[in-house]
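Below is one structure, written out as structure tokens; the observations come after it.
4 protein chains.
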Amino acid sequence: MSTARRGGRTRSPESHEAALAAAADLLEEQGYRAVTIEAIAARSGVAKSTLYRWWRSKPELVMEAYTRKVAERVAEPDTGGVEGDLAAFLAEVYRIAGYPDRVRALRGLMAEAQLDPEFLPAFREWVDGRRAIVVAMLERGIARGELRAEVDVEHAVDLVFGPFWYRLLVEHAPLDPADAPRHAAAILGGLRG
Amino acid sequence: MSTARRGGRTRSPESHEAALAAAADLLEEQGYRAVTIEAIAARSGVAKSTLYRWWRSKPELVMEAYTRKVAERVAEPDTGGVEGDLAAFLAEVYRIAGYPDRVRALRGLMAEAQLDPEFLPAFREWVDGRRAIVVAMLERGIARGELRAEVDVEHAVDLVFGPFWYRLLVEHAPLDPADAPRHAAAILGGLRG
Amino acid sequence: MSTARRGGRTRSPESHEAALAAAADLLEEQGYRAVTIEAIAARSGVAKSTLYRWWRSKPELVMEAYTRKVAERVAEPDTGGVEGDLAAFLAEVYRIAGYPDRVRALRGLMAEAQLDPEFLPAFREWVDGRRAIVVAMLERGIARGELRAEVDVEHAVDLVFGPFWYRLLVEHAPLDPADAPRHAAAILGGLRG
Amino acid sequence: MSTARRGGRTRSPESHEAALAAAADLLEEQGYRAVTIEAIAARSGVAKSTLYRWWRSKPELVMEAYTRKVAERVAEPDTGGVEGDLAAFLAEVYRIAGYPDRVRALRGLMAEAQLDPEFLPAFREWVDGRRAIVVAMLERGIARGELRAEVDVEHAVDLVFGPFWYRLLVEHAPLDPADAPRHAAAILGGLRG
DNA sequence: ACATAACCGAGACGGTACGTCAGGTCTTGAC
DNA sequence: GTCAAGACCTGACGTACCGTCTCGGTTATGT
């Protein structure tokens, strides 16, 4: 498609950044409930109409703010063995639970994804990016013969992320990076040849 | 403060039931977004002030409506072996995914639990009731020597419910009761002696 | 549930009055442009939603505020003769021009009546009430034989109010109560037997 | 509209005309409310910034559009006598009322003149041009001895235009060219020697 | 048996946030 | 050096629900 820009003032990077920063700050400082379009506009100095020009809805703005300002890249570990890799990955993921700000942010995004059907795809896209890391990890394990070839990779990935989200959302038990090796072992125990 | 009841009209069971029924209907028919106090009042004919007299907030009303009108008892299976029990339980749980109404309801409740800190306890209480079934199941397995005694039961339960919720919330893959035996095997594979 | 009933908290006279007072004040102090629903809400302490409950639109609120708080009753003069009556009436009407606040108010209302078709009827109703005074005056003159019976009363009334509004709106010339007798004479000159 | 032809871009009369035409069309077709700068820009293809370069505000643009595109020259009648002249003039003026488009336009301009103090002068200038016709007419009558020399010409002109505007704005009665002679007689009745 | 007080409906109230729209200013790039 | 395109802030609009608060009327006790 032609991106026929035939003139016009160019988009202000300052406004764009300020909006994302304000959204990210509100998300972390006060939780998702405090993230309103009006609050983002007030805090960033960007007009509401400008926000609506660039983001179709609040959750899309917040999702972008989260991925750009809050989420850190989770490195793809490579310890030589699948159990070590998984333990390292889980430990890194569990560490998030130590930062209440980020927990609030994640929970709010998950909630919004449930309440706003139009937001779910954007959220899922991000989730899928994270899943891909684990998929690659497990397939490496299969290739190395550490795991059975018939393993249900989708369910295996769910065994990695499912408990994480479940604890995050229900808060019935803490997430401790120290538990990562045991959890990794429990997950892989059923997947070996 | 004396709370001497010296007479007075008694609580109307009709209003109570009508409110719960309206909330449940709205929850299933149109999803959580459509469940507003005003809609419940309008549909049930129960006044807003009466709703607020008996429930402190919308989510508490809806949670009660869900457990009383929507959720069916999940029978505690007993097939003689832990893997059979777990497979039967998972199959029953996964069946929920075949009813979009109930899926919408569950997702909405989970979302509200994230956004409203005062609701989380009520939601968690319900969740804990469901967890207890699996806890009992696994402990029976340990007692019978099918599982190692040192098993991290909490994490094991998370391996059961985590993937369920994760798929429900993210919708990256369907939940099929036919997968239950394989999933049960994968979960228990790492917990055996 | 049961049949239709009529309960409910009664309308707050304080809010009602406060809204009208705020609207009238804004109208006089700063002119019609400053009269916004938001400003009325802010100044009166009455919620916007309450304003919209009681008045369908801003102009209707302002019209009510004007008639109740600003407009003074123009006494129906009775000097015994139609020319004296008319001169007295015109003098009183022209006096309005000496109060810039009220001029601003009148002009704003007239303008809004042009721009908002739904407001015109409310405005016209008020205008008609004022016309009736002059109609009665002229008919008394006809009854007394001071004016010809075939006089076009409608146009005669227009000769009274038309120049008033015209000067008010266009501001090409001042309105001076001292001119009233001469104007009365000019108007009646063409209406006599 | 088309753009520049030769090198070294010059000011575009096409844009100018297109803007006026769009404003006039909108004014007549949909009334003053529909005449927005955005609508004029969209319909004419002239950029908002270009509009603001040539006219300081919307009403000034619209006023120019009205006088150039909508208003027809009202011929200065000369029947030999002031009453005939006035009757002819009034008939022509009243005929405007038969064209709803032009009525809408006039009412909108009058309204805007009230709400926007910066526009009033431009509007008054146009009004004064029309007044001058009647002034000349009456002064001819005085010179011919048909009217008293002491006549208050300003008020006399108001007796001509006042009722016209008053009926246009309030719409309490129709304006019919057939009434022109009677109205002329009523107006002049009080001004004769 | 009847007074008392809690119950219930209706709905008005002060609020918060929504998403939209037009105004008027400013910036960029094409011609 | 004009002009289109259009980004930008401002400010008001009217709507939807929220949770609280009267009202007037109703009904089941406890004395």
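If you read the sequences in order, they're chains X, D, B and Z. Under the working numbering, the residue at position 163 of the first sequence is numbered 163, and the numbers go up by one with no gaps. Position in the second sequence (first residue = 1) + 1000 = the working numbering. Position in the third sequence (first residue = 1) + 2000 = the working numbering. Position in the fourth sequence (first residue = 1) + 3000 = the working numbering. Quick reminder that beta carbons are idealized off the backbone N, C-alpha and C, glycines included.
_Counting C-beta neighbours from all protein chains within 10 Å, is the total for Ala178 (chain X) 16 or more, i.e. buried, or is it exposed?_
Numbered from 1 along the first sequence, position 178 holds the residue referred to as residue 178 (chain X). When all chains shown are included, Ala178 (chain X) counts as exposed.
*Per DSSP, which one or two residues make a beta bridge with Leu3147 (chain Z)?*
Residue mapping note: residue 3147 (chain Z) aligns to position 147 of the fourth sequence, counting from 1. Beta-bridge pairing links Leu3147 (chain Z) to Z:Arg3192.
*Using a Cβ-Cβ distance under 7 Å, would Glu2154 (chain B) count as near chain Z?*
Within the third sequence, the letter at position 154 stands for residue 2154 (chain B). Chain Z contact via Cβ: present.
*Please list the partners that Gly3145 (chain Z) has in chain B, where partner means a Cβ-to-Cβ separation under 8 Å.*
Within the fourth sequence, the letter at position 145 stands for residue 3145 (chain Z). Per Cβ cutoff of 8 Å: no residues; Gly3145 (chain Z) is ~17 Å from chain B at best.
*asked:* For Gly2080 (chain B), would you say it is in contact with chain Z, using Cβ-to-Cβ distances shorter than 7 Å as the test?
replied: One-based indexing of the third sequence puts residue 2080 (chain B) at position 80. False, the Cβ-Cβ gap to chain Z never drops below 7 Å.
*Rounded to a whole number of angstroms, what is the C-alpha to C-alpha distance between Asp1152 (chain D) and Pro174 (chain X)?*
For the purposes of this step, residue 1152 (chain D) is taken as residue 152 along the second sequence, with counting starting at 1. For the purposes of this step, residue 174 (chain X) is taken as residue 174 along the first sequence, with counting starting at 1. Each residue's Cα considered, the two are about 13 Å apart.
*From the DSSP output, in three-state form, read off Glu3014 (chain Z) for me.*
Indexing the fourth sequence from 1 puts residue 3014 (chain Z) at position 14. DSSP places Glu3014 (chain Z) in helix when its eight states are reduced to three.
*asked:* To be precise: take each residue of the region 119-135 of chain X, compare its Cβ to all Cβ atoms of chain D, and keep it if any distance is under 9 Å. Which residues remain?
replied: Leu120, Phe123, Arg124, Val127, Asp128, Arg131
*C-alpha gap between Ile2133 (chain B) and Asp2101 (chain B), whole angstroms*: Numbered from its first residue, the third sequence carries residue 2133 (chain B) at position 133. Numbered from its first residue, the third sequence carries residue 2101 (chain B) at position 101. Each residue's Cα considered, the two are about 24 Å apart.
*Specify, as a first and last residue, the run of the alpha helix (DSSP H) that Val1160 (chain D) falls within.*
Position 160 of the second sequence holds residue 1160 (chain D). From DSSP, the alpha helix (DSSP H) with Val1160 (chain D) extends over 1153-1170.
*asked:* Please report whether the beta-carbon of Pro1077 (chain D) lies at a distance below 7 Å from any beta-carbon of chain X.
replied: For the purposes of this step, residue 1077 (chain D) is taken as the residue at position 77 of the second sequence. No, Pro1077 (chain D) does not count as interfacial toward chain X.
*Among residues of its own chain, excluding the 5 on either side of Leu1026 (chain D), which ones have a beta-carbon nearer than 7 Å to its beta-carbon?*
Looking up residue 1026 (chain D) in the second sequence gives position 26. Ala1034, Val1035, Ala1039, Ile1040, Arg1043.
*Could you name the residues of chain Z that Gln2030 (chain B) contacts, counting a contact when the two beta carbons are closer than 7 Å?*
Residue 2030 (chain B) sits at position 30 when you count from the first residue of the third sequence. The contacting residues do not exist; Gln2030 (chain B) stays about 12 Å from chain Z at best.
*Which of the residues in the region 157-187 of chain X, read from start to end, lie with their CB under 8 Å from any CB of chain D?*
Asp158, Leu159, Phe161, Gly162, Pro163, Phe164, Trp165, Tyr166, Arg167, Leu169, Val170, Glu171, His172, Ala173, Asp179, Arg182, His183, Ala185, Ala186, Ile187
*Helix, strand or coil: which one does DSSP assign to Phe1119 (chain D)?*
Start at 1 with the first residue of the second sequence, and residue 1119 (chain D) comes out as number 119. Coil at Phe1119 (chain D), not helix or strand.
*Roughly how many whole angstroms lie between the Cα atoms of Ser49 (chain X) and Arg1011 (chain D)?*
On the first sequence, position 49 is the one that residue 49 (chain X) refers to. On the second sequence, position 11 is the one that residue 1011 (chain D) refers to. Those two C-alpha atoms are separated by around 49 Å.
_Would Glu2014 (chain B) pass as an interface residue toward chain Z - the criterion being a Cβ-Cβ separation below 7 Å?_
Position 14 of the third sequence holds residue 2014 (chain B). Cβ-Cβ to chain Z under 7 Å: no for Glu2014 (chain B).
*Give the secondary structure of Tyr3099 (chain Z) by DSSP, where H, G and I count as helix, E and B as strand, and everything else as coil.*
What you label residue 3099 (chain Z) is simply residue 99 of the fourth sequence in a count that begins at 1. Three-state result, Tyr3099 (chain Z): coil.
*To the nearest angstrom, how far is it from the Cα of Glu2014 (chain B) to the Cα of Asp2128 (chain B)?*
Sequence index remark: in the third sequence, residue 2014 (chain B) carries index 14 (1-based). Sequence index remark: in the third sequence, residue 2128 (chain B) carries index 128 (1-based). Rounded to whole angstroms, Glu2014 (chain B) to Asp2128 (chain B) spans 30 Å at the Cα level.
*chain Z beta carbons: is any one of them nearer than 7 Å to that of Ala2111 (chain B)?*
By 1-based counting over the third sequence, the position of residue 2111 (chain B) is 111. True, the Cβ-Cβ gap to chain Z drops below 7 Å.
*With distances taken Cα to Cα, identify the nearest neighbour of Gln2030 (chain B) among B:Glu2118, B:Pro2181, B:Glu2146, B:Arg2107.*
For this step, residue 2030 (chain B) is matched to residue 30 along the third sequence. Cα-wise, what sits closest to Gln2030 (chain B) is B:Arg2107.
_Determine whether the beta carbon atoms of Ala21 (chain X) and Glu60 (chain X) lie at a separation below 7 Å._
Here residue 21 (chain X) is taken as the residue at index 21 of the first sequence, counted from 1. Here residue 60 (chain X) is taken as the residue at index 60 of the first sequence, counted from 1. Not closer than 7 Å, so no.
_Can you tell me whether Pro163 (chain X) is buried or exposed? The criterion is at least 16 other CB atoms within 10 Å of its CB, across all chains shown._
Here the question's residue 163 (chain X) lines up with position 163 in the first sequence. Buried.
*Would you mind stating whether Glu2092 (chain B) and Val2074 (chain B) have Cβ atoms separated by less than 7 Å?*
The residue you call residue 2092 (chain B) lines up with position 92 of the third sequence. The residue you call residue 2074 (chain B) lines up with position 74 of the third sequence. Yes. Within cutoff.
_Contacts of Gly3190 (chain Z) in chain B (Cβ-Cβ under 7 Å)_ = Here residue 3190 (chain Z) is taken as the residue at index 190 of the fourth sequence, counted from 1. Neighbours of Gly3190 (chain Z) on chain B, chain order: Ala2185, Ala2186, Ile2187, Leu2188, Gly2189, Gly2190.
*Taking only beta-carbon positions, decide if Arg2107 (chain B) is within less than 7 Å of chain Z.*
Within the third sequence, the letter at position 107 stands for residue 2107 (chain B). At least one chain Z Cβ lies under 7 Å of Arg2107 (chain B).
_Nearest-angstrom beta carbon gap, Leu3120 (chain Z) and Ala3113 (chain Z) [assumed within contact, 8 Å]_ = Taking the fourth sequence and counting its residues from 1, one reaches residue 3113 (chain Z) at position 113. Taking the fourth sequence and counting its residues from 1, one reaches residue 3120 (chain Z) at position 120. Contact holds; Cβ gap of about 5 Å.
*asked:* Would you say Leu2115 (chain B) lies against chain Z (beta-carbon separation less than 7 Å)?
replied: Stepping through the third sequence from its first residue, residue 2115 (chain B) is reached at position 115. For Leu2115 (chain B), the answer is yes, since a Cβ of chain Z falls inside 7 Å of its Cβ.
*Nearest-angstrom beta carbon gap, Val1082 (chain D) and Leu1147 (chain D) [assumed within contact, 8 Å]*: Along the second sequence, read from residue 1 onward, the residue named residue 1147 (chain D) stands at position 147. Along the second sequence, read from residue 1 onward, the residue named residue 1082 (chain D) stands at position 82. Indeed they touch by this definition, with Cβ atoms about 6 Å apart.
*Helix, strand or coil: how does DSSP classify Trp55 (chain X) here?*
As a working note, residue 55 (chain X) is residue 55 in the first sequence. In the structure shown, Trp55 (chain X) sits in coil (DSSP, three-state: anything other than H, G, I, E or B).
*asked:* Do Ala3156 (chain Z) and Leu3168 (chain Z) count as a contact pair if the criterion is CB distance below 7 Å?
replied: Start at 1 with the first residue of the fourth sequence, and residue 3168 (chain Z) comes out as number 168. Start at 1 with the first residue of the fourth sequence, and residue 3156 (chain Z) comes out as number 156. Contact flag unset, no.
_Cutting at 8 Å between CB atoms, please list the residues of its own chain near Tyr2052 (chain B), excluding the five before and the five after it._
Residue mapping note: residue 2052 (chain B) aligns to position 52 of the third sequence, counting from 1. Excluding positions up to five away in sequence, the list reads Ile2037.
*Identify, in the order they occur along the chain, each residue of the same chain with its Cβ nearer than 7 Å to the Cβ of Ser65 (chain X), setting aside the five sequence neighbours on each side.*
Locating residue 65 (chain X) in the first sequence gives position 65, where the first residue counts as 1. In the sequence as displayed, the identity of residue 65 (chain X) is Ala instead of Ser. Cβ neighbours of Ala65 (chain X) beyond the five flanking positions: Leu20, Ala23, Ala24, Leu27.
*Got a sec: is the Cβ-Cβ distance from Arg3033 (chain Z) to anything in chain B below 7 Å?*
One-based indexing of the fourth sequence puts residue 3033 (chain Z) at position 33. Yes, its Cβ sits closer than 7 Å to a Cβ of chain B.
*So, is Glu2171 (chain B) buried or exposed, given that buried needs 16 or more other C-beta atoms within 10 angstroms?*
To locate residue 2171 (chain B), count along the third sequence from 1; it is residue 171. Flag for Glu2171 (chain B) reads buried.
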